[in-house]
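Enquirer: Shown below is the structure under consideration.
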Amino acid sequence: MKNKFGSVYFSVFGLFVLGFGIAELIIGIASKSFTWGILEISGEFLVWRGFILFFAGLFYLEGVKNLVEIHQLAKVVMASIMIWIIAGTQIFSLITESIPGGEEGGWLNNWRDFLSTYSPPYIPSLILLPFSLVTIYYICARKNKVG
Amino acid sequence: MLSVDERWDLIDKISKKTIKFGKYRHTLKDAIGELTVKPLTGIPVAIAVLFGFWAFFGAFAGFFTDGFLVKLFDAHWLPWLQKVFPAAKDSWFYYIFVGDPLADNCFEAFGVFTSGLFVAIGVVLPAIVAFYLILTLLEDSGYLPRLAVLIDTALHKIGLHGYAIVPSILSLGCNVPACTACRILETKKQRFIMMTLLAIFIPCGAQLGIMLEVIPESVGWVILYLLLGYFILGLVLNKIVPGKSPEILLDIPPYQKPMLGNVGRKLWMRTSRFFTVAIPFVLLGVIIVNLLYLTGIIDWLAKALSPLSMGWFGVPKETVGPLIAAFLRKDLAVAQLSAIEMTKYQMITSVVLVSIYFPCVATFVMLLKEEGGKGLLGSLAALVVTVFLYGGLLHLIWILLGVA
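Residue numbers (my numbering), protein chains in the order written: chain L, 1 to 147; chain E, 1001 to 1404.
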């Protein structure tokens, strides 16, 4: 049952990741930007980010069949790690931007500007990040099963 | 010496006699390890890892340099030094140690205590720490040997093998330890190719840090151009240099969690080298370049070499000064370039030229030590030809694009 849920979940999620990857690739190659609600497709290394998301999406879709099999699960884990790399570096970059006071300001940022750094819109990987964390459940479930 | 097949046969025989095979159940780490060495899955993962490497490097270095150290040096250190320095503002002593009395930032002042300290501590140190931190994590997690396996086929085309990725990546930190790391390559031919390639085409961490500060929007193009050169020159050298390029057996450790203590020790060991080796060279470099300016030697050289710099490479004649400084420290030279008025395209050409031009003096000494006089002369011959062809080619590209 858990396996079936996982397969359906990661199939749908994989399609979203693949879609975002294609969107980032197209927008990156066209040198444009796109904002819709909390989503923003722009910024540095857009083509590279798109390329990574595209392959992460393919890995998810490739890994969903028979998720309990270790090599299949490894593909899903690898795809999630790729999303975590992009999202992790983006979060790190937001933190490093939010602390200093800027050219004209003091050493440290004021509270308002500090908090506003973390406000939306966000890049696709950041939006995908919480949904990719389901992978951790499957890693732990496997660990418990194997002992 | 045994051939590769004979070696494998011998390994099979020994393992059959000495190893008892039990049941082994694949773990998740094993399966992930397999994915990272297969080209179809391994290459996208490698791109993700390198993306993470570069994004972290930029954010970490930018946090310290742009966030705090630029302000510290420009708004506090420089005005204080200009006020209290015990020498007349028009004296040569002031010029060498503080630099331009009218400068309002440390990049343009170009004194030992202004630009020298700012480049070394304000710009390069954060970049070096970021680079070595990530490199250590990749090494200790077990990813680096997998990258070596992944890139083995590509590196064979240029006469090297997968382990050449170790000196190549180390060189992105500093060329000096990378030259020593070339000892892991088996033959003289491989060591010669590797050292020549890293001396010419791989910018060190100090240089990367300063490039990120001076030409942030063009760093990607510069690196792409250097990477292309790395493979093109590698192909040429593999064809013309006599000798063998044998296969190698790589031992791949399992993935593991890096230990904090080990990471800290390695990071300290590598970064402390920067304090003892690089910083004195940066400061000495500023003194020598300032003396050359004061005595008029750089102006004379700039005029004498202007047909080459302006005609062939398409860069302003003032770039001769930074090119001389590049022999002492390349980061210093890129910092100097930022003070010269030129177009974006001329800046890209100048930065590429500084990168592929003579290795810094520390690397030069290492090349002599590792390759000997004959090998060094060979590397320098390859370098001179590459600088002329590559610099001229870049100028030609700008002419064809109509931006030169």
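Every residue, glycine too, gets a C-beta built ideally from N, C-alpha and C.
It should be emphasised that the depicted structure is a prediction, and the values quoted were computed from it without experimental measurement.
1. Out of curiosity, what's the CA-to-CA distance linking Tyr1345 of chain E and Leu1401 of chain E?
2. Taking DSSP as the reference, what is the three-state secondary structure of Phe39 of chain L?
3. Is DSSP giving Phe1110 of chain E helix, strand or coil here?
4. Does any CB atom of chain E fall closer than 8 Å to the CB of Ala173 of chain L?
5. Going by DSSP in three states, Tyr1293 of chain E sits in which element: helix, strand or coil?
6. Mind checking the segment 122-142 of chain L against chain E and listing, in chain order, the residues whose C-beta falls within less than 9 Å of any C-beta there?
7. Who are the neighbours of Trp111 of chain L on chain E, taking C-beta pairs under 8 Å?
8. Rounded to whole angstroms, what is the Cα-Cα separation between Met69 of chain L and Ala79 of chain L?
9. What do you reckon, are the CB atoms on Leu1337 of chain E and Val1236 of chain E nearer than 8 Å?
10. Is the distance from the Cβ of Leu39 of chain L to the Cβ of Tyr122 of chain L below 8 Å?
11. Can you pull the chain E residues whose beta carbon is under 7 Å from the beta carbon of Phe92 of chain L, in chain order?
12. How should Met1001 of chain E be labelled, buried or exposed, when 16 other C-beta atoms within 10 angstroms of its C-beta is the threshold for buried?
13. Hey, Ser1355 of chain E and Gln1207 of chain E: beta-carbon distance below 8 Å or not?
14. Can you tell me whether Trp84 of chain L is buried or exposed, with buried defined as 16 or more other CB within 10 angstroms of its CB?
15. Just verifying my parser: in three-state terms, what is the DSSP assignment at Phe1275 of chain E?
16. Just to confirm my understanding: we take Arg49 of chain L, look at its own chain, exclude 5 residues before and 5 after, and list those with CB closer than 6 Å. What are they?
17. Closer than 8 Å by beta-carbon distance: list the chain E residues that pair up with Val77 of chain L, in chain order.
18. When we look at the beta-carbon of Cys140 of chain L and count the other beta-carbons within 10 Å, is it buried (16 or more) or exposed?
19. Mind reading off the beta-carbon distance from Asn1175 of chain E to Leu1198 of chain E? Whole number of angstroms is fine, and I expect it under 8 Å.
20. Helix, strand or coil: how does DSSP classify Leu1452 of chain E here?
21. Is the CB-CB distance between Gly1234 of chain E and Gly1159 of chain E below 8 Å?
22. Is it right to say Gln1190 of chain E is buried, meaning 16 or more other beta carbons lie within 10 angstroms of its own, or is it exposed?
23. Looking at the C-beta of Ala1047 of chain E, does it have a partner C-beta in chain L at a distance below 8 Å?
24. For the pair the segment 1102-1120 of chain E and the segment 1069-1080 of chain E, tell me if three or more CB-CB distances fall below 8 Å.
25. Can you name, in chain order, every residue of its own chain whose Cβ lies under 7 Å from the Cβ of Pro1359 of chain E, other than the five neighbours on each side?
Expert: On the basis of the supplied data:
1. 11 Å
2. One detail in the question is off: residue 39 of chain L reads as Leu in this sequence, not Phe. Here Leu39 of chain L sits in strand by DSSP.
3. strand
4. Since the displayed chain L opens at 1 and closes at 147, residue 173 of chain L lies outside it and no answer follows.
5. helix
6. Ile139 and Arg142
7. None at all; the shortest Cβ gap to chain E is about 17 Å.
8. It is worth fixing the name first, because residue 69 of chain L is Glu in this sequence and not Met. Rounded to the nearest angstrom, the two C-alpha atoms are 16 Å apart.
9. no
10. yes
11. Phe1056 and Ala1059
12. exposed
13. yes
14. buried
15. helix
16. Glu24 and Ile86
17. Leu1028 and Ile1032
18. exposed
19. 6 Å
20. Here chain E covers residues 1001 to 1404 and nothing more, so residue 1452 of chain E does not appear.
21. yes
22. buried
23. For the sequence presented, residue 1047 of chain E should be read as Ile rather than Ala. For Ile1047 of chain E, the answer is yes, since a Cβ of chain L falls inside 8 Å of its Cβ.
24. yes
25. Asn1175, Ala1199 and Leu1367
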